[in-house]
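**Student:** Residue numbers (my numbering), protein chains in the order written: chain A, 3 to 520; chain B, 36 to 386; chain C, 1170 to 1497. Here's a structure for you.
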Amino acid sequence: MTPPHAGGEAFLQARELSKSFFGVKVLKEVGFTLDKGEVLGLVGENGSGKSTAMNILGGIHQPDSGQMTLAGKPYRPTGPKDAQRAGLAFIHQELNLFENLSIEENVFISGFPKRRGLPLINRRKIGKETKRLLDLVDLGHPPGTRVGKLSQGERQLVEIAKALGFDAKVIIFDEPTTSLSRRESEKLFTIVGRLKAQGIGVIYISHILGDVLRVCDSVQVLRDGAVAGGGPRASMSIDKIISMMVGRKIGNLFPPRESHPGEVVLDVAGLTQPGVVKDVSLSLRSGEVLGVSGLMGAGRSELARILFGLDPFKSGTITVEREPLENPSPEICMARGLAFLTEDRRAEGLLMEASIRDNVALSSLNSYARGLSHRLSWPKLDRDVAEVSDKVKVNTSDYIRMLVKHLSGGNQQKVVFAKWLLRQPSIFILDEPTRGIDVGAKLEVYKIINQLVLDGAAILFISSEMEELIGMCDRIMVMNRGEVTGFHERGDFDGERILETAMSVGLREPEQADRKER
Amino acid sequence: MPIDAAETPVDTKVEIPKVRAFRRLLERLILSEYLVFYITGVYFLIVWPIVPEIASFSSLRNILTDMLPLLVVAIGQTFVLIVAGIDLSVTGVIAMASVVGASIMTSDGGYLQGSALAIPVGIIAFLVVGGLIGGFNGWCVTRLNMPPIIVTLTGMMFLGGAAIWFTKAHSPTSSIAGLPRAFVAIGGGTFAGVPIALFVAIAVVVVAHFLLSQTVFGRWLYAIGINPKAAKVSGVPVDKAILWAFVISGVCAAITSMLLTGRLETGTPVLGQRILLDIIAAVVIGGTSLAGGKGKIIWTVGGVLFLVTIDASLKLLGSSLFIVFAVKGGVILLAVGLDAMRQRILARGSG
Amino acid sequence: MQVGENRTTLLLLNAAPWVAFLAVVVVFGVLSDRFLTIQNFMNILTQSSHIAIMAIGITFVLLTAGIDLSVGAIMYVAVAVLALFLGGIPVVIAFPLVGLIGVALGAMNGYFVIKLRGQHPFIVTLATLFILRGAAIFLTDTRMVFVEESVMSLGRTSYFGVPWAIWVFAVVFVIAWIVLRETPFGRQIYAVGQDPTAAAKAGINVPRILFSVYCICGFLAAVGGLVSIAQVAAASSTFGFQIEFPVIAAAVLGGTSLFGGRGGVVGTVFGAVLIQTVQSGLVMTNATPYIYPLVTAVIIFLAVLIDGLRTSILDTLGRRKIRVEEIA
């Protein structure tokens, strides 16, 4: 069906793709090529434009400018279905499978073959066809197995089989190994090799550089929405990739701050929850910013949730201002002076359908309640809400009626800050406080953080942006697969070294990995 | 905000702006939170010329007395709906509280027959039955993670049966009569010409309105209804608040039970059996959302008023039961249709 | 390991309804020697058939995470039309017409559910419940309606020793079972119930599926009405009143989740029969009739409690792990 591509021209080509959201340029003239049977690695920090580029490829976004060609013909997908019809398949971190259906049903859910003359599913045919596809990905389960019974890695193989089922020409993997065991990852690499041998083009997006170097024929590095470098595997090394990723010198985006750490206010020792974190110990002083670095899924957010009493832990101790924190719950933690800014503003940080006032007041309502009935003192509350919102520069004057969902991302984040500031906590746990907000708003968030530190607050600052951590923190703690793998002091910050600690699993040889697990 | 937009002066010289102005007025009406009151008013004005009796004192009085028991239980339901729950067990509570309370007070072998304590203890029994059942519902929903609709549905079935069984154990007939005069007055009596039930209902309205709009607890309920996860992260005691919402619903149902029992002068297990869907319909017509996070006592008052007005007018019109049912169903559809329209207008306004 | 413990608990929870059923049968078998007879078993099946048929219909709706409160009203309308207008017409023509009425009324539900998306089907079908009850009362003028002798005789007919009602029940069950398990439509219902967004992404026409399940539910509500009226011969104005509750209960008791995507008609039939078995057992052991709803309510409550525990364990098992503990 597909004509063989014209000599010299790559199978999939993207040229000078650009894209802006709300006036912020997130993709600047990015281009790449992919041949049949080639594996292209795509790396870059969060926010470097990888996902935007892939969303354009998948038809979810349309580029502002630039062209793409597929098999020599212009390729302009207007939706995910277009992309699928053209032969592109995406294997996302979040799989698109129905757990309540069997493997074969998942593979054929979009169009079942029927029995001759009957409206019934041709089980024989889908069973046979699914078996063939499963053999291609080395999955031994019978096609009738329920997907809910499969492990994460096995489900991924089902997704790949599904892609092969509709004759995908290009398969894009987005962080495929984050939730896989080492063994499952190995298997995945074998499958990728096999896809390659069949002439399928693969785009492989990953933070784990060791994996990238292992499976990819060529690597392309993105930084700040532009191509920072790349080339065939032979010319690349982990060091080289990391320096491309971190790139430019840390500028003066970060307002300077004197650092005078005081007493230890938060002390964590041996915190363990099976399957989540293992033996995490840290101490945080007042007037200090402790950064937490690590890859997606390294256990940073999970650690934060445990510290704030949202998730349970099995062993270890948490001490707040020399008093042990027992059976933490958000209410108890807040009473002890903790505040927690979640990574998912929409789902957990804000009441999107409520006003700014209702959001800012939510955590402090009790301190504005009078008498037995806990009647609210509105005038005082409104005054304080207005004051604290002004302090963080929320960009509106109508706090009482303006719904949070109508605010920009940056303003929403300031509302979350205002909510906690109203309580005047002494320990802040900030999980990705600048995610999804523009540069101007980021700067203001940095200023707020610095002011807090000057006032003596202690801050645990979780971020995926290396620059930000280096610019803002007094110390940086690195996490990897639920464990603390190192601390770095301010004078000693080195983005490349921190990234190396964070990615050490990817650097480890498989045997070493096994030994580490004992 | 879209509401403000409608207030900008409109050039009426040209034809098109006139149309636009009309549309804006219409949108403003639809967006108004008192829409149900306007509709009730308009409806009343339309019906008045056809059946002038509707404006008579006795008819208005009937509307009022019909409205009160429904209103009290609907207010309790409002609390539960705001936290995105639902309470179908209220009719069971009404029945159970009625027979338990009556068994204490009745002069035909009541537990406290003739005692001065009979009435106070009886009233407390009503409230305790309601509170305990509500508490159990809330406990199942928060601690056992069960869906509110099923917990309260089984509650309704169980209590309906239990109330009949309880009656059988206390009375040879299917109800418990012989209630003290002073208690009966709560449902049917008057004070200075005003039904005592009205005082009770007003007290419930005022307390409920105060709780929802003026207290920390009220803010918590709305926050939970909008986004329980965010509420939890913000330190709201989510489980506790949901539990109390169910307790309030149970207690309100118990108060309704008192009003109805008083009016009938007997405790009976069939009390309130048929009003379950009316209760939910009234709250939803008022504008409270089944999805949670939205609702006001005044809206519920409007919803109940509307439903009862329609009932009364249809009775006066000599309509068959058929029309009463069909109109009620139509009104619910209208309410959800209006709500859908509201969402669309708001989405456009912010877009 | 904790995961292992969870899996064992899960297995126990999965077996619980069957264990309960067995226990019920054994207890009543011991208490009454008439209980464990073929005749009694037939009676139970006959008496539960209309509830079971309607519960099969509602299972389709529940699988898409919807609900239909109007089944009792549809049932009443269908029977009223049969009694009042289709009197002289032979049943082979009259019954399909009644079935069509059921489909049409279900289609009305489906239409509103799709059009008013964002409104829960609960409230939509609550409205149509009122409207249809009103329509039925309009038709019957609140008077008792009676069906022809030809319909009543069906209620007494047996084929090969098996009553007519059970045959209808069996045919409905078998077809529903095949549709849900072996047709593309059936599997897509499960997909929509599990995750409507993912289903739409996979190219499934979600509104069409939703519309269809309400049609099916309406149709089976009408069929349930026919089966019921053939047994009782007359319908008062409370015919089918609040029958939606035991119908939903039967499906939920059989393991169909209110949140969609999980369950099936085997469980539903089991649920309906279990409820009837308990009632029949209570009758035979001369228990006071007021205790029936109590016992039924407790059984449903426990079933949902078990379902809730099962769901939360499944959630724990499904959660993504950060640290993958390797098994050597």
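We treat Cβ as the ideally placed atom computed from N, Cα and C, and that holds for glycine.
1. Indicate the three-state DSSP secondary structure (helix, strand or coil) for residue 431 of chain A in the structure shown.
2. Check whether chain B comes within 8 Å of residue 365 of chain A, counting only Cβ atoms and requiring the distance to be less than that.
3. Give the secondary structure of residue 291 of chain A by DSSP, where H, G and I count as helix, E and B as strand, and everything else as coil.
4. Under the DSSP definition of a beta bridge, which residues are partnered with residue 342 of chain A?
5. In the structure shown, what three-state DSSP assignment does residue 1276 of chain C receive?
6. Is it a yes or a no for the region 1372 to 1384 of chain C touching the region 1280 to 1288 of chain C, going by three-plus beta-carbon pairs under 8 Å?
7. Once the 5 residues before and after residue 1428 of chain C are set aside, which same chain residues still bring their CB inside 7 Å of it?
8. Going by beta carbon distance, what residues of the same chain come within less than 7 Å of residue 421 of chain A, once the five residues before and after it are set aside?
9. Please go through the same chain and pick out, in chain order, the residues whose beta-carbon is closer than 6 Å to the beta-carbon of residue 67 of chain A, but skip the five residues on each side of it.
10. Would you mind sorting residue 62 of chain B into buried or exposed? The rule is 16 or more other CB atoms within 10 Å of its CB.
11. Measuring only the C-alpha atoms, how far is residue 501 of chain A from residue 216 of chain A?
12. Checking contacts by CB at 8 Å: is residue 367 of chain B closer than that to chain C?
13. Apart from the five residues just before and just after residue 194 of chain A, which ones in its own chain have a Cβ nearer than 8 Å to its Cβ?
14. Answer with yes or no whether the minimum CB distance from residue 211 of chain B to chain A is below 8 Å.
15. Would you list the one or two residues that DSSP bridges to residue 27 of chain A?
16. List, in order along the chain, the chain C residues whose C-beta lies closer than 7 Å to that of residue 319 of chain B?
17. Can you pull out the residues from the region 257 to 279 of chain B whose beta carbon lies closer than 8 Å to at least one beta carbon of chain A?
18. So which residues of chain C does residue 181 of chain B contact, with C-beta pairs closer than 9 Å?
19. Excluding the 5 residues flanking residue 252 of chain A on each side, which residues of the same chain have their C-beta closer than 6 Å to its C-beta?
20. Roughly how many whole angstroms lie between the Cα atoms of residue 1459 of chain C and residue 1189 of chain C?
21. For chain B, check one thing: does any of its Cβ atoms lie closer than 8 Å to the Cβ of residue 309 of chain A?
22. With 9 Å as the limit, tell me which residues of the region 1337 to 1365 of chain C have their beta carbon closer than that to any beta carbon of chain A; keep them in chain order.
23. Tell me which same chain residues have a C-beta within less than 7 Å of the C-beta of residue 153 of chain B, skipping the five on either side of it?
24. Which residue marks the beginning of the alpha helix (DSSP H) containing residue 63 of chain A, and which one marks its end?
25. To the nearest whole angstrom, what separates the beta carbons of residue 1338 of chain C and residue 1221 of chain C, a pair I think is in contact under 8 Å?
26. Taking 8 Å as the CB-CB limit, is residue 328 of chain B close to chain A?
27. Look at the Cβ atom of residue 429 of chain A, then the Cβ atom of residue 340 of chain A, and state whether they are nearer than 8 Å.
28. Can you tell me the Cα-Cα spacing of residue 161 of chain A and residue 98 of chain A, whole angstroms?
29. Which ranges would you report for the alpha helix (DSSP H) in the region 346 to 396 of chain A if only whole runs of at least 4 residues count?
30. Would you check if there are 3 or more beta carbon pairs closer than 8 Å linking the region 1397 to 1408 of chain C to the region 1320 to 1333 of chain C?
31. For chain B, is any of its Cβ atoms less than 8 Å away from the one on residue 345 of chain A?
32. Going by DSSP in three states, residue 1316 of chain C sits in which element: helix, strand or coil?
33. Taking DSSP as the reference, what is the three-state secondary structure of residue 273 of chain A?
34. Buried or exposed: residue 1312 of chain C, going by 16 or more other Cβ atoms within 10 Å of its Cβ?
35. Taking Cβ to Cβ, would you say residue 371 of chain A is nearer than 8 Å to residue 251 of chain B?
36. My output table needs one value for residue 1288 of chain C: the three-state DSSP class, helix, strand or coil.
**Tutor:** According to the structure shown:
1. Position 429 of the first sequence, counted from the first residue, corresponds to residue 431 of chain A. It is a strand residue.
2. Stepping through the first sequence from its first residue, residue 365 of chain A is reached at position 363. Yes, because at least one Cβ of chain B sits closer than 8 Å to the Cβ of residue 365 of chain A.
3. Position 289 of the first sequence, counting from 1, holds the residue named residue 291 of chain A. Of the three classes helix, strand and coil, the one that applies to residue 291 of chain A here is strand, per DSSP.
4. Along the first sequence, read from residue 1 onward, the residue named residue 342 of chain A stands at position 340. DSSP lists A:431 as partners of residue 342 of chain A.
5. For the purposes of this step, residue 1276 of chain C is taken as residue 107 along the third sequence, with counting starting at 1. DSSP places residue 1276 of chain C in helix when its eight states are reduced to three.
6. yes
7. Within the third sequence, residue 1428 of chain C is the residue found at index 259, counting from 1. The beta carbon of residue 1428 of chain C is closer than 7 Å to those of 1234 in its chain, skipping five residues each way along the sequence.
8. If you number the first sequence from 1, residue 421 of chain A lands on position 419. The residues are 361, 362, 364 and 365.
9. As a working note, residue 67 of chain A is residue 65 in the first sequence. The answer, listed in chain order, is 20.
10. Counting from one through the second sequence, the residue named residue 62 of chain B turns up at place 27. Under this definition residue 62 of chain B is a buried residue.
11. Walking along the first sequence from the start, residue 501 of chain A turns up at place 499. Walking along the first sequence from the start, residue 216 of chain A turns up at place 214. Approximately 18 Å between the Cα atoms of the pair.
12. For the purposes of this step, residue 367 of chain B is identified with residue 332 of the second sequence, where counting begins at 1. Closer than 8 Å to some Cβ of chain C, the Cβ of residue 367 of chain B qualifies, so yes.
13. Here residue 194 of chain A is taken as the residue at index 192 of the first sequence, counted from 1. These residues qualify, in order along the chain: 41, 175, 204, 206 and 217.
14. Residue mapping note: residue 211 of chain B aligns to position 176 of the second sequence, counting from 1. With 8 Å as the cut-off, residue 211 of chain B does not count as an interface residue toward chain A.
15. Position 25 of the first sequence, counted from the start, is the residue given in the question as residue 27 of chain A. Per DSSP, the beta bridge partners of residue 27 of chain A are A:22.
16. Here the question's residue 319 of chain B lines up with position 284 in the second sequence. Correct list: 1292.
17. 257, 258, 261, 262, 264, 265, 266, 267, 268, 269, 270, 271 and 272
18. Working through the second sequence from its first residue, we reach residue 181 of chain B at position 146. Near residue 181 of chain B (Cβ distances below 9 Å), the residues of chain C are 1470, 1473, 1474, 1476 and 1477.
19. Against the first sequence, residue 252 of chain A aligns to sequence position 250. Confidence at residue 252 of chain A is low in this model, with a pLDDT of 45, below 50, so its placement is unreliable and the value that follows should be read with caution. The answer, listed in chain order, is 469, 472 and 473.
20. Here residue 1459 of chain C refers to the residue found at position 290 when the third sequence is read from its first residue. Here residue 1189 of chain C refers to the residue found at position 20 when the third sequence is read from its first residue. Roughly 22 Å separates the two Cα atoms.
21. Walking along the first sequence from the start, residue 309 of chain A turns up at place 307. So no, residue 309 of chain A is outside the interface.
22. 1347, 1348, 1350, 1351, 1352, 1353, 1354, 1355, 1356, 1357, 1359, 1360, 1362, 1363 and 1364
23. Taking the first residue of the second sequence as position 1, residue 153 of chain B is located at position 118. Answer for residue 153 of chain B: 139, 140, 145, 147 and 215, listed in chain order.
24. For this step, residue 63 of chain A is matched to residue 61 along the first sequence. No alpha helix (DSSP H) contains residue 63 of chain A, which DSSP labels as neither H nor E.
25. As a position in the third sequence, residue 1338 of chain C is number 169, starting the count at 1. As a position in the third sequence, residue 1221 of chain C is number 52, starting the count at 1. The pair is a contact, with the Cβ atoms about 6 Å apart (cut-off 8 Å).
26. Here the question's residue 328 of chain B lines up with position 293 in the second sequence. So yes, residue 328 of chain B belongs to the interface.
27. What you label residue 429 of chain A is simply residue 427 of the first sequence in a count that begins at 1. What you label residue 340 of chain A is simply residue 338 of the first sequence in a count that begins at 1. In this structure, residue 429 of chain A places its C-beta atom within 8 Å of the C-beta atom of residue 340 of chain A.
28. One-based indexing of the first sequence puts residue 161 of chain A at position 159. One-based indexing of the first sequence puts residue 98 of chain A at position 96. Distance between the alpha carbons of residue 161 of chain A and residue 98 of chain A: 8 Å.
29. 358 to 363 and 380 to 393
30. yes
31. Reading the first sequence from its first residue, position 343 is the one you call residue 345 of chain A. It does not; no Cβ of chain B falls within 8 Å.
32. Taking the first residue of the third sequence as 1, we reach residue 1316 of chain C at position 147. Here residue 1316 of chain C sits in coil by DSSP.
33. Walking along the first sequence from the start, residue 273 of chain A turns up at place 271. Of the three classes helix, strand and coil, the one that applies to residue 273 of chain A here is strand, per DSSP.
34. Counting from one through the third sequence, the residue named residue 1312 of chain C turns up at place 143. Exposed.
35. Walking along the first sequence from the start, residue 371 of chain A turns up at place 369. Walking along the second sequence from the start, residue 251 of chain B turns up at place 216. Taking C-beta atoms as the reference points, residue 371 of chain A and residue 251 of chain B count as a pair closer than 8 Å.
36. In the third sequence, residue 1288 of chain C corresponds to position 119, counting from 1. Three-state result, residue 1288 of chain C: coil.
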